[in-house]
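Novice:
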Amino acid sequence: MLLQTQSITKEFGKLRAVNQVSLDIHKGDIHAIIGPNGAGKSTYFNLITGYHPATFGKVLFKDKEITHLPAYTRCTLGITRSFQITSIYPKFTVYESVLMALLSHRKVTLKFFSSANKFFKEKVWNILEDVELANQANTLGDSISHGDKKRLELAITLGTEPELLLLDEPTCGMSPEETESTMALIQKLSTERGITILFTEHDMSVVFGIAKRISVLHQGTLIADGSPQAVRASEEVQKVYLGGTA
Amino acid sequence: MMQRSEVAVNNSTIKRSWWLILLIIAFLIAPLVMSKFYLTILCEALVMSLFALSFNLLFGYMGQLSFGQAAFYGLGGYVVAMLITKLQFNFWLSLAAGAGMAGLVGLIVGYFCVRLRGIYFAVLTLAFGQLIFVIIFKWHKFTGGDDGIQGVFPPEYLRSIEAYYYLIFFVCAISAFILWRIVNSPFGQALKAMRENPERTEFLGIHIARYQLIAFVIAAAFAGLAGAVWVPFYRSVAPSYLTWIKSGEPVMAAILGGPNIFFGPVLGMFIMTFVHSYILGFTHFWPVIMGTIILIIIFVLPGGILEFAKVKITERREKAKIAKGQT
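Just so you know, the protein sequences line up as chains A and B, in that order. So for the first sequence, the numbering used here puts the first residue at 2; every next one is plus one. So for the second sequence, the numbering used here puts the first residue at 274; every next one is plus one.
So this is what it looks like as structure tokens:
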């Protein structure tokens, strides 16, 4: 088991956004978290990555408790995330953005006198080719298309060479073609690089097309967890989320 | 498809270094062709440029507006003045001590400031700056209070304006070179990343406060060095070196020249220093004129003079490329 949450809970004032969610994420899985708007998916991500402190409960990564570690430490342990609202470096070139992730991950950011561009050229190009952004390497982050920005963020997260990658709505706002190629890419990352992927998604065809396991959140509570078939068959899930049509 | 061999990192400053070599030659022969009056102004412009570069490490590269940078500049000056006049300390060691003390105080002040962002960071640096100013201003027995300290002489061989000019030039040139290496290093890249998107950067494994503190100390030490090298030239130091008005000078210089380009603040400081000395010849309304210049820059050239020039040059090159048919 790669990641485990034990009764993890987050309260914002009187609102309990995530309610005692206990979940195991297995190594090598592509694991989807689904649920209607406001189900607590993003908050759950924020608890795993250290964006929010948990009200109570535990997060374990590779059997070590990380509940109280700051976000940057969790990242150095091998947990990286993307954000629902694409978070990139608008004034960095595509190349520089991925380079930044590698500089940080490989711990050379405390070098003061060597030139940043001489590091990790091969590795940066490999990542850019994987996400098909190599031909825009010199373009600024804010000058590329929305779909490319999403893929750039994915490329940046790959620069940290994560073991566990959390993607918050990776295809949000993409055209059907972009969605398809992004999902193929995620599948490829999982098989070729062995990255465990935890993602949230609105598009059910995407989720059922790629996920090996699906967990369903409803009003902060975990109501189903299992294979796509099992989740699809669950009556409770149909009632609250799939509207009985799935 | 782009070739892998193409360097993709933005590194525009010194791609063609011919102009830099010309500039260095010009600085080296300046004492031979300039009057003593203008050489003095040039010395001031150089020192203030180093001060502005130190400030811009925080402002232009790290994205935090420090409004207390003069405290470190003044501290460097005071340390040198006290060591030389009270203890007859070695001149060169005094310069190092000035920079070191500024860096040390920067460590303490920075420890509190780097936890904050934006206006809160600016206000806290301002508050610490004023605090250090008040201590020096009020502690008459130790610092000379509002009288300052006079009679700060450099060693015999550096007493002529020309000799001291070369000292200032080399200190500033070497410091600028070091700062230039820093902003282009992986550390510099991390600073820029924090400016661009602190959240993304933290989620790449960077401890933001720690990196900002390191940058704060470096900036304080170089500001201290600028003050330290200036005071023996001017033969005296006064509390006015630490005021918030002094802290505002590098802010204006950076906005004038362009904070996103390494030499932007240097150009800004040169314009400010020379225009100031020229205008003082016929009016005392210098602040009005400076204010007008800043106003024009902000509305007409929002990225500063060098940024504007860079954009124009890039546009021209693009047009030339299109004209040649290699789009």
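A virtual CB, placed ideally from N, CA and C, is assigned to each residue, including glycine.
With 16 as the cutoff for other CB atoms within 10 Å, does A/Q230 come out buried or exposed?
Specialist: Under this definition A/Q230 is an exposed residue.
Novice: For B/R473, does the three-state DSSP call read helix, strand or coil?
Specialist: Helix at B/R473.
Novice: Could you check whether the Cβ of A/V60 sits closer than 8 Å to any Cβ belonging to chain B?
Specialist: It does not; no Cβ of chain B falls within 8 Å.
Novice: Should B/I455 and B/I479 be called a contact, given that it needs their Cβ atoms to be closer than 8 Å?
Specialist: No, they are not a contact pair.
Novice: Between the alpha carbons of B/V387 and A/V99, how many angstroms are there, rounded?
Specialist: Distance between the alpha carbons of B/V387 and A/V99: 26 Å.
Novice: Can you tell me whether A/E258 is buried or exposed, with buried defined as 16 or more other CB within 10 angstroms of its CB?
Specialist: Look at the range of chain A in this structure, 2 to 247, and you will see that residue 258 of chain A is not part of it.
Novice: Taking 8 Å as the CB-CB limit, is B/R473 close to chain A?
Specialist: True, the Cβ-Cβ gap to chain A drops below 8 Å.
Novice: Distance check for B/W292 and B/R473, CA to CA, integer angstroms please.
Specialist: Those two C-alpha atoms are separated by around 37 Å.
Novice: Put A/L310 into one of helix, strand or coil per three-state DSSP.
Specialist: Missing from the structure shown is residue 310 of chain A; chain A here goes from 2 to 247 and no further.
Novice: Since A/H106 meets chain B, which of its residues come closer than 8 Å, beta carbon to beta carbon?
Specialist: Under the 8 Å cutoff, chain B gives L477 and G478.
Novice: If you measure from the beta carbon of A/Y45 to each beta carbon in chain B, is any gap under 8 Å?
Specialist: Chain B, which has no Cβ nearer than 8 Å to the Cβ of A/Y45, makes this no.
Novice: Establish whether the CB of A/T183 and some CB of chain B are separated by less than 8 Å.
Specialist: It does not: the Cβ of A/T183 has no partner Cβ on chain B nearer than 8 Å.
Novice: Can you give me the Cβ contacts of A/T201 inside the same chain, cut-off strictly under 6 Å, excluding the 5 residues immediately before and after it?
Specialist: Excluding sequence neighbours, A/T201 sits near I34, K42, D169 and E170.
Novice: Quick one: does A/A102 have its CB under 8 Å from some CB of chain B?
Specialist: Yes, A/A102 lies at the interface with chain B (some Cβ there is under 8 Å from its Cβ).
Novice: Would you identify the three-state DSSP class for A/S228, choosing helix, strand or coil?
Specialist: The answer is coil: DSSP assigns A/S228 none of H, G, I, E or B.
Novice: So, are the CB atoms of A/V125 and A/Y90 less than 8 Å apart?
Specialist: No, the Cβ-Cβ distance between A/V125 and A/Y90 is not below 8 Å.
Novice: In chain order, what are the residue ranges of uninterrupted alpha helix (DSSP H) at least 4 long that sit wholly in the region 165–219 of chain A?
Specialist: Complete alpha helix (DSSP H) runs here, min 4: 177–194 and 205–211.
Novice: Tell me, to the nearest whole angstrom, how far the beta carbon of B/S534 is from that of B/I567; I am working on the premise that it is less than 8 Å.
Specialist: In the sequence as presented, Ser is not what sits at residue 534 of chain B; that position holds Ile. 17 Å between Cβ atoms; not a contact.
Novice: If I follow the unbroken beta strand (DSSP E) through B/F442, where does it start and stop?
Specialist: First-last for B/F442: I434 to V456, but that is the alpha helix (DSSP H), not the beta strand (DSSP E).
Novice: Would you mind stating whether A/P163 and A/T68 have Cβ atoms separated by less than 8 Å?
Specialist: In this structure, A/T68 does not lie closer than 8 Å to A/P163 by Cβ.
Novice: Just checking: is the beta-carbon of B/S327 within a distance shorter than 8 Å of some beta-carbon in chain A?
Specialist: B/S327 does not count as touching chain A.
Novice: Could you check what DSSP says for A/T222 in three-state terms: helix, strand or coil?
Specialist: A/T222 falls in the strand class under three-state DSSP.
Novice: Going along the chain, which residues of its own chain have a beta-carbon closer than 7 Å to the beta-carbon of B/G576, five neighbours each way excluded?
Specialist: Contacts found: G531 and N533.
Novice: Can you name, in chain order, every residue of its own chain whose Cβ lies under 7 Å from the Cβ of A/A135, other than the five neighbours on each side?
Specialist: Around A/A135: W126 and L129.
Novice: With distances taken between CB atoms, is the gap from B/V353 to B/A493 smaller than 8 Å?
Specialist: Cβ atoms of B/V353 and B/A493: not closer than 8 Å.
Novice: Between the Cα of A/T222 and those of A/K151, A/Q21 and A/E12, spot the shortest distance and give me the residue it belongs to.
Specialist: With distances taken between Cα atoms, A/T222 lies closest to A/Q21.
Novice: Taking a contact to mean a Cβ-Cβ separation below 8 Å, would you say B/F410 touches B/A344 in this structure?
Specialist: Not in contact: B/F410 and B/A344 (Cβ atoms no closer than 8 Å).
Novice: Taking A/L199 and A/I26 to be in contact with their CB atoms under 8 Å, please state how far apart those CB atoms are, rounded to whole angstroms.
Specialist: Indeed, because the Cβ distance is near 6 Å, the residues count as touching under 8 Å.
Novice: Would A/P1 count as contacting chain B if we go by Cβ distances under 8 Å?
Specialist: Not covered by the structure: residue 1 of chain A. The range shown for chain A is 2 to 247.
Novice: For a test of the three-state rule: what should DSSP assign to B/S520, helix, strand or coil?
Specialist: Three-state result, B/S520: helix.
Novice: Thinking C-alpha only, which one of B/Y514, B/A372, B/M321 and B/P428 is nearest B/F362?
Specialist: That would be B/P428, whose Cα lies nearest to the Cα of B/F362.
Novice: With a threshold of 8 Å between beta carbons, is B/A436 in contact with chain A?
Specialist: So no, B/A436 is outside the interface.
Novice: Would DSSP call A/A102 helix, strand or coil?
Specialist: A/A102: helix per DSSP, three-state reduction.
Novice: Could you give the DSSP three-state label for B/Q423: helix, strand or coil?
Specialist: If DSSP states are grouped into helix, strand and coil, B/Q423 belongs with the strands.
Novice: Nearest CA to the CA of A/G29: which residue from A/L218, A/V238, A/E193 and A/F209?
Specialist: When each option's Cα is compared against that of A/G29, the closest is A/E193.
Novice: For B/F345, name the three-state secondary structure that DSSP assigns.
Specialist: B/F345: helix per DSSP, three-state reduction.
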